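Chemist: Here's a structure for you.
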Amino acid sequence: MTTDGKATAAAMNRSSAEEAAKSGIWVGIAAITMTFAAFTSAIIVREGTDTSWHHMTLPGVLYLNTLVLIASSITLELSRRPVAARISRREAAGQEGSRSGLLWLLVTLGLGLMFLAGQYAAWRELASQGLFLATNPSSSFFYVLTAVHGVHLLGGLAALGYLAGKLSMAGARLRRSTAEATSIYWHFMGGLWIYLLLVMRTRL
Amino acid sequence: MQEASAPQAQQGHHGPPEGFIRKYVFSLDHKVIGKQYYGLALVAVFIGMTLSWLMRYHLIYPNGKIFGLELLSKVGAPGGVMTPEYYLSLMTMHGTLMVFFVLTNAPFAAFGNYFLPIQIGAEDMAFPRFNMMSFWVTLVAFLVLVTAFFIPDGPPISGWTAYAPLSAVGTDAGPGLGWGQNLWGLSIAIFCVGSLLGSLNFIATTLDLRAKGMTLMRMPLCTWAWFITACISLLAFAVLLPACLLLVLDRMAGTSFFIPAGLVVSDRLQAHAGGSPLLWQHLFWFFGHPEVYIAILPAMGIVSHILINSIRRPLLSAKVIIYSMMSIGFLSYMVWGHHMFVSGMNPFSSLMFSFPTLTITIPATVMTLIWLGSLYGARIRFTSASLFALGFISMFVSGGVSGFFLAQPSIDIYLHATYFVVGHFHMVMGVAAIFGVFAGTYFWFPKMTGRMMSEGLGKVHFWFTFIGTYCIFMPFHYLGLAGNVRRYSSFVDDFLLPLMPVHRFITIAALITGAAQFIFLYNLIHSRFRGKVAPVNPWEATSLEWTIPSPPPWNNFGDRHPVVYHDPHQYGVKGSLGDYVMQDSPEKIENES
Amino acid sequence: MGKFFAVVLTIIALVSAVPIVMHTWWMPPDISTHGHAIDEQLTDTMAEAGFSFLAAQLLLALFVWKFSERKDSGPIKSLPGGAKGLVIAALILVGTEMLALGVLGQKAWASVYFTPASPNALQVQAQAGQFAFYFRYPGADGKFGALHPDKIDEGNQNYFGLDPANEVEARDDIVSGELAIPANREVLLLIHAKDVGHSFYVPELRIQQDFVPGLDLSVHFTATKVGRYEIVCTQLCGLGHYNMKAYLNVMSQEDFDKWLKQKASEQ
Ligand code: HEM
Ligand SMILES: [Cu+2]
Ligand SMILES: [Cu+2]
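Chains as they are written, first to last, in the working numbering: chain A, 112 to 315; chain B, 24 to 616; chain C, 752 to 1018.
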């Protein structure tokens, strides 16, 4: 009875910790949403008070980057099932599963890095046109939005790297919630980017 | 089986800490983190108070020498006499320290960290590592801020609200606006990160780590308050962070988010164009007003929690308190424009902001009436904690009623930026919240340290503080009614001179009240080492923190997994222990609702 | 201890109310046409807020007095009406108060901000800079010269950045360090900030308006009493903020005309 009770209690604790990781990621997403809402309203107010608002053409590479990011969300989804299967198998008997989850995860990671490289290329392109952070309000907002999004994306990349590391180590424990939270976050980053692209297209 | 014996590497489950560093410095234990926050707030509040002494002294003796001030800043106080700009520097630091590092840290981060997990029966916060980071990030923010004292130019002079373009155009606009202001902006941005991490933890913990039987409605009122505060804080700091980022970019990278074209500062035409100073005000107050509730809601929760223990009966309705706090939290996002009635914002929006502001007085009044009405028929026990809780109600009312005036745009035309405002926010957010912290300290000290504080000294401290703060902050309202402008380093206008006797009275009251706080400090330190050893439940209270040893072991409940059978309001009943029943006691209570 | 608390609290509450009731420190007499609406609003609010303040503090004192440290251990009594009664009371009390203050009270606000200035109001431009106010009258042509921030030159007393060499409108503009206005004539004050935020505050006039850089604002008012009043800055603007002031000089129409003529000849 006592060991049994202990086991259920531990299981209960584990499931609530899993829940916490998920609520945690949603709470984090709420905060990030708020931050970008603030940026958006700043753009609107700033545009409203400025009589000489310079519109800019977004660098074309951004659209390519968008495709890359969407692709990374798809590859992440492809990795999800094998990864989940692997986690539960490990939990059950400590066996190793197939490697396909890890592979797709690495592809996602690569695409994420490609996206960031693409963003950097966009910055270089603007700079070559003489558009820097302080040149005009559009360029200021462009650099700020892409940089802040990029920093958040780096967090996602770190989480992906952590997942991949854990998966490639033989005995390492990995919680399902970590994998799920990471994928929620990554998809959110993709959605956020599409929103930002729309805002930048229509406003900047 | 295998599960239970597996190393517990899960969130909320770390092993016992080993070694000094892990135990007391980079600790993952929410209780140590709570104490670290408390310590930081204590340091900040004594610095802040000393600054207010210097300010008050300067206001009545503008040419008076202050012994030792020259050592702090040769430029700011040549020969020990404070310059007008140094007054503004000290004022800015006072406001910033008090609002961010005292009122956000002490009632929310410090007590919340220590007691929220225990009160819901959890072993720790959901993300202990984030929790540790949130404290250390906050400490870095604090260090960055106080560095401003020691740079040649001194701290910024633009007030805790840092209105642009004064805060944005740099040293042309005055001393302290170079690196001092940069440090301010960076410090607040860092502080936002720490607060966001903390709030995230509070929310996830409350949602997911509650013990068996701990339904939401069975959570103590202070846990509710911390939870609601975390929700407010999450959204508020998520807006202040980008605002600070943009401000820092305006200052350091030459952008023009807040700086319009054609400004001539110190005879120099500024190379900026098109920015909007009102944008800063909107972003700042979108954070700033909720911040007021970040300070006061935890105090409301703590006071409610302590009040039911002192009056030995439940509140007339705990639910109404919870719903009132929720509606206050919600409304706090719709009122920020009441700080901007005369700012040149569209006058129609002023009306749109005035209504929700007046509406907030409804839940506030409801809460006050519930506290008052619950006293009826009670058996009040007087401890230092209950005195401060009752004092809180009185202060909250006194500071609250002046809000009626400021909420009306037409009256605000006259009262805006006068000492009436200073009186209002000091009473309702400053003193009231600090009273909540004092009440919480006297109440929880035994649990946190295993020793009792001296009740005698606590009561002396209460009387000095209660009477003293009224003497300081009530007259601020009179000054404001007479048109006394705030943020003046001395009063040279003819219409202000007749008010000097009031200022002298306030300064004397501030010096005495401030000195009385050393009684508290002495009590705190002395009791920590020499106080009577505290029993598990000295106040005969019902919530879970009183079921575990004082101080609690590293994992709070040991190997036990608490199960909860009642809400924490079971006072004035026939229980096996007395007139109360603990939350985790399976006994049946007659007429339990 | 409870009784002591009750007594101290009662004393504090009553003593706090004395200066308010006696008007020991109070608003200076109003010299504007719109001000009485603000004053009335403030007095009404004071009555209601004062009542709430005293009622709550005295009730707190009374209950603490009555219910402290009682030993009897019967079932606890509850306030008749309970929470529901209180919530309804609060809704009715504060609700009506809100309605009364919020709705009726917007009159005063409307009189300042929603009624446009009459077309023949006297136009004066106020410019705030660190740490002085300057005022500009359009002169005989009734037109203000344009502002050129790059031409601002305090040494040559070109505080506004006018360009009289190239612009006719600027030539007859009258610049003054004090705000002279005729009594009983509406004034439209055009608000312009030169550097950072400032504010225009004349307690007697019941007017306060921020100067926001980059935003051209205006307020209008009619002063009714001849006299000299202090204009002070109420928006933190830097180290000289406490000392940033000017005078409002309300004159009879004849005196004003004379003053304007003399000023014009000095330019
Ligand atoms: C010993 C008690 C205190 C005294 C005597 C005191 C005094 C003052 C004074 C003289 C000012 C400057 C007012 C002005 O010129 O506009 C001020 C500003 C301020 N105080 Fe306090 N204060 C005290 C405690 C607190 C506390 C507990 C808080 C926490 C809310 C606080 C928050 C502020 C803030 C936010 C400002 C505005 C700073 C600014 O204008 O930028 N003070 N205080
Ligand atoms: Cu507010
Ligand atoms: Cu000024």
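Glycine included, each C-beta is placed from N, C-alpha and C at the ideal position.
Predicted model only: the values in this text are computed from it and were never measured.
Following the continuous beta strand (DSSP E) through N1000 of chain C, name the residue where it begins and the one where it ends.
Modeler: For this step, residue 1000 of chain C is matched to residue 249 along the third sequence. Its beta strand (DSSP E) spans residues 996-1002.
Chemist: Tell me, please, whether the CB atom of G298 of chain B is closer than 8 Å to any CB atom in chain F?
Modeler: Of the chains in the structure shown, none is chain F; the protein chains are A, B and C.
Chemist: Report the neighbours of L269 of chain B on chain A: residues whose CB is nearer than 8 Å to its CB, in chain order.
Modeler: Along the second sequence, read from residue 1 onward, the residue named residue 269 of chain B stands at position 246. Result: A153, V255.
Chemist: Curious, which full-length beta strand (DSSP E) runs of at least 3 residues does the stretch 956-980 of chain C contain?
Modeler: As far as the stretch 956-980 of chain C is concerned, its whole beta strand (DSSP E) runs of at least 3 residues are 958-962, 968-973.
Chemist: Classify V262 of chain A as buried or exposed, calling it buried when 16 or more other Cβ atoms lie within 10 Å of its own Cβ.
Modeler: Reading the first sequence from its first residue, position 151 is the one you call residue 262 of chain A. It is exposed - the Cβ of V262 of chain A has fewer than 16 other Cβ atoms within 10 Å.
Chemist: Between A32 of chain B and chain A, is any beta-carbon pair separated by less than 8 Å?
Modeler: Start at 1 with the first residue of the second sequence, and residue 32 of chain B comes out as number 9. Unreliable placement is indicated for A32 of chain B, whose pLDDT of 36 sits below 50; no coordinate value is reported for it.
Chemist: Under 8 Å Cβ-Cβ, which residues of chain C neighbour R79 of chain B?
Modeler: Along the second sequence, one-based indexing puts residue 79 of chain B at 56. In chain order: nothing, as chain C lies at least about 15 Å away.
Chemist: Taking the alpha-carbon positions, what's the R510 of chain B to Y993 of chain C distance?
Modeler: Reading the second sequence from its first residue, position 487 is the one you call residue 510 of chain B. Reading the third sequence from its first residue, position 242 is the one you call residue 993 of chain C. If I take the Cα positions, the gap works out to 7 Å.
Chemist: With 8 Å as the threshold, decide whether the Cβ of A27 of chain B is near any Cβ in chain C.
Modeler: Indexing the second sequence from 1 puts residue 27 of chain B at position 4. Because the pLDDT at A27 of chain B is just 36, under 50, the model does not fix this residue reliably, and the value given afterwards should be weighed accordingly. Not closer than 8 Å to any Cβ of chain C, the Cβ of A27 of chain B fails to qualify, so no.
Chemist: Does the stretch 219-228 of chain B come close enough to the stretch 181-201 of chain B that 3 or more CB-CB pairs lie under 8 Å?
Modeler: Too few Cβ pairs lie closer than 8 Å, so no.
Chemist: Please find out if some non-hydrogen atom of ligand 3 comes closer than 7 Å to the beta-carbon of M114 of chain B.
Modeler: Looking up residue 114 of chain B in the second sequence gives position 91. False, no ligand heavy atom lies under 7 Å from that Cβ.
Chemist: DSSP three-state call for M24 of chain B: helix, strand or coil?
Modeler: The residue you call residue 24 of chain B lines up with position 1 of the second sequence. Caution applies to M24 of chain B, whose pLDDT of 29 falls short of 50 and renders its modelled position unreliable; the value that the coordinates give is listed next. M24 of chain B: coil per DSSP, three-state reduction.
Chemist: Can you give me the Cβ contacts of G71 of chain B inside the same chain, cut-off strictly under 7 Å, excluding the 5 residues immediately before and after it?
Modeler: Against the second sequence, residue 71 of chain B aligns to sequence position 48. Closer than 7 Å at Cβ, skipping near neighbours: H117, L120, M121, V125.
Chemist: Between the stretch 201-213 of chain B and the stretch 268-281 of chain B, can you find at least three pairs of beta-carbon atoms closer than 8 Å?
Modeler: Touching, yes.
Chemist: Give me the Cα-Cα distance between G205 of chain A and S152 of chain A, rounded to the nearest whole angstrom.
Modeler: In the first sequence, the residue the question calls residue 205 of chain A occupies position 94. In the first sequence, the residue the question calls residue 152 of chain A occupies position 41. Because G205 of chain A sits at a pLDDT of 47, beneath the cut-off of 50, its placement in the model cannot be relied upon, and the point is left open.
Chemist: With a CB to CB cut of under 8 Å and the five nearest residues on each side skipped, what residues in its chain are close to L852 of chain C?
Modeler: Position 101 of the third sequence holds residue 852 of chain C. Answer for L852 of chain C: Q792, D795, T796, E799, listed in chain order.
Chemist: Apart from the five residues on each side of it in sequence, which residues of its chain come closer than 6 Å, Cβ to Cβ, to Q1004 of chain C?
Modeler: Counting from 1 along the third sequence, the entry for residue 1004 of chain C is found at position 253. Around Q1004 of chain C: P933.
Chemist: Give the DSSP-derived three-state secondary structure of A883 of chain C in the structure shown.
Modeler: Indexing the third sequence from 1 puts residue 883 of chain C at position 132. In the structure shown, A883 of chain C sits in a strand (DSSP, three-state: E or B).
Chemist: Using the three-state DSSP reduction, which class does L940 of chain C fall into: helix, strand or coil?
Modeler: Within the third sequence, residue 940 of chain C is the residue found at index 189, counting from 1. L940 of chain C falls in the strand class under three-state DSSP.
Chemist: Between A456 of chain B and P498 of chain B, what straight-line distance do the alpha-carbon atoms span, to the nearest angstrom?
Modeler: On the second sequence, residue 456 of chain B is found 433 positions in, with the first residue counted as 1. On the second sequence, residue 498 of chain B is found 475 positions in, with the first residue counted as 1. In a straight line, the C-alpha of A456 of chain B is about 20 Å away from that of P498 of chain B.
Chemist: Of all Cβ atoms in chain B, is any one closer than 8 Å to the Cβ of E981 of chain C?
Modeler: For the purposes of this step, residue 981 of chain C is identified with residue 230 of the third sequence, where counting begins at 1. It does: the Cβ of E981 of chain C has a partner Cβ on chain B nearer than 8 Å.
Chemist: Of the residues B:I89, B:I44, B:D147, which one's Cα is nearest the Cα of P576 of chain B?
Modeler: In the second sequence, residue 576 of chain B corresponds to position 553, counting from 1. For P576 of chain B, the nearest C-alpha among the options comes from B:D147.
Chemist: Along the chain, where does the beta strand (DSSP E) containing F951 of chain C start, and where does it finish?
Modeler: Sequence index remark: in the third sequence, residue 951 of chain C carries index 200 (1-based). Residues 949-953.
Chemist: Between G261 of chain A and chain B, is the shortest Cβ-Cβ distance under 8 Å, so that the two count as touching?
Modeler: Within the first sequence, residue 261 of chain A is the residue found at index 150, counting from 1. Cβ-Cβ to chain B under 8 Å: no for G261 of chain A.
Chemist: Would you say the stretch 313-329 of chain B touches the stretch 446-466 of chain B, given that touching needs at least three Cβ pairs under 8 Å?
Modeler: Enough Cβ pairs lie closer than 8 Å, so yes.
Chemist: DSSP three-state call for Q230 of chain A: helix, strand or coil?
Modeler: Position 119 of the first sequence holds residue 230 of chain A. Three-state DSSP puts Q230 of chain A in a helix.
Chemist: Cβ atoms of F443 of chain B and H500 of chain B: under 8 Å apart, would you say?
Modeler: Within the second sequence, numbered from 1, the residue matching residue 500 of chain B stands at position 477. Within the second sequence, numbered from 1, the residue matching residue 443 of chain B stands at position 420. It is a contact, given that the beta carbons lie within the stated cut-off.
Chemist: What residue from B:T229, B:D290, B:F250, B:L302 has the CA that sits closest to P265 of chain B's CA?
Modeler: Within the second sequence, the letter at position 242 stands for residue 265 of chain B. It is B:L302.
Chemist: Let me know the secondary structure DSSP gives Q33 of chain B once reduced to three states.
Modeler: To locate residue 33 of chain B, count along the second sequence from 1; it is residue 10. For Q33 of chain B, the pLDDT reaches just 40, beneath the cut-off of 50, and the residue's location in the model is therefore unreliable, although a value from the coordinates is still provided. Here Q33 of chain B sits in coil by DSSP.
Chemist: Check whether the Cβ of S869 of chain C lies closer than 8 Å to any Cβ atom in chain B.
Modeler: Taking the first residue of the third sequence as 1, we reach residue 869 of chain C at position 118. It does not: the Cβ of S869 of chain C has no partner Cβ on chain B nearer than 8 Å.
Chemist: Within this structure, are the beta carbons of I393 of chain B and A834 of chain C separated by less than 8 Å?
Modeler: Along the second sequence, read from residue 1 onward, the residue named residue 393 of chain B stands at position 370. Along the third sequence, read from residue 1 onward, the residue named residue 834 of chain C stands at position 83. Cβ atoms of I393 of chain B and A834 of chain C: closer than 8 Å.
Chemist: Check whether chain B comes within 8 Å of P770 of chain C, counting only Cβ atoms and requiring the distance to be less than that.
Modeler: Locating residue 770 of chain C in the third sequence gives position 19, counting from the first residue. Chain B contact via Cβ: present.
Chemist: Can you name, in chain order, every residue of its own chain whose Cβ lies under 6 Å from the Cβ of M995 of chain C, other than the five neighbours on each side?
Modeler: If you number the third sequence from 1, residue 995 of chain C lands on position 244. So the qualifying residues of the chain are F882, C984.
Chemist: Take V845 of chain C as the anchor and find which of B:F378, B:F371, B:G201, B:T252 has the nearest alpha-carbon.
Modeler: Looking up residue 845 of chain C in the third sequence gives position 94. The option with the nearest alpha carbon to V845 of chain C is B:F378.
Chemist: May I ask you to report which of helix, strand or coil DSSP gives N871 of chain C?
Modeler: Numbered from 1 along the third sequence, position 120 holds the residue referred to as residue 871 of chain C. Residue state, collapsed to three classes: coil.
Chemist: I need the boundaries of the beta strand (DSSP E) containing L930 of chain C, first residue and last residue.
Modeler: In the third sequence, counting from the first residue as 1, residue 930 of chain C sits at position 179. First-last of the beta strand (DSSP E) with L930 of chain C: 930-933.
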